[in-house]
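Enquirer: Last residue of the sequence shown: 319 (my numbering), numbering continuous.
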Amino acid sequence: MTGSALLSPVDVRRLAAELGVRPTKKLGQNFVHDPNTVRRIATTARLTPDDVVLEVGPGLGSLTLALLPECASVVAVEIDPVLAARLPGTVAERAPGFAGRLSVVLGDAMRVTRAELGAEPTALVANLPYNVAVPVVLHLLAELPSLRTVLVMVQAEVADRMAAGPGGKVYGVPSVKIAWYAESRRVATVPRAVFWPVPNVDSALVFLTRRPSPAGVDRAAVFAVVDAAFAQRRKTLRAALSDWAGSPARAEAVLTSAGVDPTLRGEQLSVGDFVRIAQAFTPVQ
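So, in structure tokens, the structure goes:
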């Protein structure tokens with residue numbers, strides 16, 4: 035079976051002109067038009083022939099064409115009805131041997147459900163809109179327990195936050211919530227020139243490997259502690275968690291019970307620390 039004929043910069047602009055599509059800032063659209071970049075993403079995703087890949091925002095199909103030969107199937111979620119309608123035709127033209135592996139879901143990745151996908155994706159691979167990257171990843175990790183790996187291209191600054199560990203300046207709410215689900219690491223930088231239009235920020239690839247979520251505690255309860263701890267970053271945990279716990283004294287008691295120093299700040303704690311705090315808290319009746 036022959037491979038896909040990937041889209042060149044000329045192909046991308048021709049397709050966009052055919053459809054009357056101009057990339058919009060509202061949807062965070064920056065189309066990848068470099069074949070080497072999409073090949074690199076497909077390789078870095080470490081897909082197997084059995085993988086069912088979820089692609090968010092396939093756009094004109096540049097990455098889709100690179101993914102199809104590497105896996106069992108691709109489920110592409112596209113919010114733009116014009117782009118969603120055209121994608122199967124592009125695949126049929128440029129990768130006819132793999133056209134049967136593609137299914138397209140018209141919808142918003144921030145709200146899409148497992149039932150709507152009609153599949154159990156094992157890998158998420160996507161060039162994500164910068165403005166919704168973290169919420170999309172968190173929603174899909176929560177909605178799709180079948181996901182084992184994630185490779186997303188995001189704004190470099192967002193990539194750093196997603197992969198940050200405790201103690202760093204960029205460690206925050208996204209870092210902890212991602213860590214609830216997976217181990218994450220920044221694996222590559224992506225130059226601006228591979229996009230159309232050229233963004234005014236750098237991009238990077240982040241790879242996530244799913245791990246078992248902490249047992250014996252509710253995710254929402256842990257995330258509530260995380261949100262409270264980082265709402266006022268400069269405050270100690272005793273002060274930052276006072277509203278959440280009911281009072282500064284009660285916050286200190288919960289932290290002490292959890293084995294966490296009340297004088298620390300949120301950015302110094304691991305996801306395991308936040309789990310222990312949530313477990314130590316008993317709501318006032």
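Yeah, the Cβ is synthetic: ideal placement off N, Cα and C, and Gly gets one too.
Using DSSP's beta-bridge definition, name the partner residues of M187.
Expert: N161, L239
Enquirer: Please look up how many angstroms separate the CB atoms of V66 and V228, rounded, as I've assumed it's under 8 Å.
Expert: 6 Å
Enquirer: Which same chain residues, not among the five before or five after R253, have their C-beta less than 8 Å away from its C-beta?
Expert: Once the five neighbours on either side are set aside, the close Cβ partners of R253 are A176, W214, S247.
Enquirer: How would you call T316, buried or exposed, if buried means at least 16 neighbouring beta carbons within 10 angstroms?
Expert: exposed
Enquirer: Do you know offhand how far D45's Cα is from V87's?
Expert: 24 Å
Enquirer: Kindly give me the distance between the Cβ atoms of A274 and A287, rounded to whole angstroms, as I take these residues to be in contact under 8 Å.
Expert: The pair is not a contact, with the Cβ atoms about 15 Å apart (cut-off 8 Å).
Enquirer: Buried or exposed for E104, going by 16 or more other Cβ atoms inside 10 Å?
Expert: Note on E104: 16 or more other CB atoms within 10 angstroms of its CB, so buried under the neighbour-count rule.
Enquirer: Mind checking whether R226 and F241 have CB atoms under 9 Å apart?
Expert: F241 sits away from R226, with the two beta carbons spaced by 9 Å or more.
Enquirer: Where do the ends of the beta strand (DSSP E) carrying T223 lie?
Expert: Its beta strand (DSSP E) spans residues 216 to 224.
Enquirer: Is it buried or exposed for S42, if we count other Cβ within 10 angstroms and need 16 for buried?
Expert: exposed
Enquirer: With the cut-off set at 9 Å, would you say R195 and V168 are in Cβ contact?
Expert: yes
Enquirer: Tell me whether the beta-carbon of D85 lies closer than 9 Å to the beta-carbon of A157.
Expert: yes
Enquirer: Which residue from I212, N165, S237 puts its Cα closest to that of V256?
Expert: I212
Enquirer: Taking the straight line between their C-alpha atoms, what separation do you get for G199 and R128?
Expert: 42 Å
Enquirer: My understanding is that V138 touches I75, with C-beta atoms under 8 Å, so please give their C-beta distance in whole angstroms.
Expert: The Cβ separation is near 19 Å, so there is no contact.
Enquirer: Mind checking which residues open and close the beta strand (DSSP E) that includes E301?
Expert: No beta strand (DSSP E) contains E301, which DSSP labels as neither H nor E.
Enquirer: What do you get for G91, buried or exposed, if any count of 16 or more other CB atoms within 10 angstroms of its CB means buried?
Expert: By the neighbour-count definition (other C-beta atoms within 10 Å, threshold 16), G91 is a buried residue.
Enquirer: Using the Cα positions of M35 and A197, report the straight-line distance between them to the nearest angstrom.
Expert: Residue confidence for M35 is low, a pLDDT of 47 falling below 50, so the modelled location carries little weight and cannot support an answer.
Enquirer: Would you report the Cα separation of F132 and P122, rounded to the nearest angstrom?
Expert: 10 Å
Enquirer: Identify which residue in A216, A50, R268 has its Cα closest to the Cα of V116.
Expert: A50
Enquirer: In three-state DSSP terms, what is F315?
Expert: coil
Enquirer: For the segment 200 to 207 and the segment 301 to 308, state whether three or more C-beta atom pairs, one from each stretch, are separated by less than 8 Å.
Expert: yes
Enquirer: Just verifying my parser: in three-state terms, what is the DSSP assignment at R80?
Expert: coil
Enquirer: Could you tell me the alpha carbon to alpha carbon distance between P83 and T183, rounded to whole angstroms?
Expert: 14 Å
Enquirer: How about V72 and L97: are their beta carbons less than 9 Å apart?
Expert: One thing to note: V72 has its Cβ within 9 Å of the Cβ of L97.
Enquirer: Determine the DSSP secondary structure at M35, reduced to helix, strand or coil.
Expert: Unreliable positioning characterises M35 in this predicted model, as indicated by a pLDDT of 47, which lies under 50. The coordinate reading is nonetheless provided below. M35: coil per DSSP, three-state reduction.
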